[in-house]
Amino acid sequence: MPITEELKRLGQSVHRLNEGSEEINALVADFDRILGELLLPFDYLHPRPLRETTIVGREGKRVIEVAYLGYLPYRGQRHLVVKTVKVVESKAAAAEGGGQTLTPLLLAPRPLRHAAVDVLEEVASAIRRQLDELADEVDRRRGRARAAVDGLEAVRDRASSSSSSGRRPRVDEG
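Counting in the working numbering, the sequence shown runs from 1 upward without gaps.
Laid out in structure tokens, this is it:
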């Protein structure tokens with residue numbers, strides 16, 4: 001195959017890759033926007049890392065870097081982010097703490113964005129389960145609040161009917 005034909009095919013492949021990546025970015029932005037519109041009352045961090053790398057640092061200590069997908073506060077609002085955690089094989093580094101960064105998913109390197117897309121459905125399912133649990137908790141509390149109000153209304157009604165008959169109201173202490 002002549003070199004010009006190969007270069008043409010290479011250009012088409014690059015175009016297809018970039019077009020697909022741009023569409024992925026737009027869909028990730030939509031996903032992030034919709035999560036923001038839901039005003040979720042909690043953070044979420046996917047339990048499985050997107051990437052894990054190990055290198056040996058200048059002092060010969062291992063540095064492990066793990067990247068997670070999360071829906072976490074970033075500059076005052078929750079967004080899809082890549083949370084990167086660095087673990088340094090050193091007591092001094094452990095004492096310093098830190099070693100964590102948050103990067104908006106759309107600003108993360110392409111391989112991380114694409115890896116994140118593979119778990120977005122799991123993220124949506126996990127967030128929905130957490131919302132269902134919160135809704136169940138609200139339903140339970142709403143029932144308890146309703147029972148408390150109903151009980152107090154019953155006490156009030158008994159008290160008002162007793163006072164209209166001239167008797168002193170009796171309040172149960174149990």
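Glycine is no exception: its CB is placed at the ideal position from the N, C-alpha and C atoms.
For residue i, is the classification buried or exposed, using 16 other Cβ atoms within 10 angstroms of its Cβ as the cut-off for buried?
i	result
A145	exposed
G70	buried
P73	exposed
L80	buried
D32	buried
Contact check, residue i vs residue j under 8 Å by CB: the rounded distance?
i	j	result
V123	K86	No, V123 and K86 are not in contact; Cβ-Cβ is about 23 Å, not under 8 Å.
L105	V119	So it is not a contact: roughly 11 Å between Cβ atoms.
V28	V117	7 Å
L50	I127	Not really, about 17 Å apart at Cβ, beyond 8 Å.
Y44	Q130	7 Å
R113	I34	So it is not a contact: roughly 17 Å between Cβ atoms.
Would you mind reading off the limits of the beta strand (DSSP E) that contains residue i?
i	result
K83	77-88
V66	62-74
What does the alpha-carbon distance come out to for the pair residue i and residue j?
i	j	result
V66	A154	59 Å
A95	K61	Any reading at A95 is ruled out, since the residue's pLDDT is 49, under 50, leaving its predicted position unreliable.
P109	T53	14 Å
T84	R78	16 Å
E89	E137	42 Å
G99	R16	37 Å
What is the residue span of the alpha helix (DSSP H) that residue i lies within?
i	result
E153	120-164
L112	110-117
Query - Unbroken stretches of the beta strand (DSSP E), 3 residues or longer, contained in the segment 1-51 - result: none
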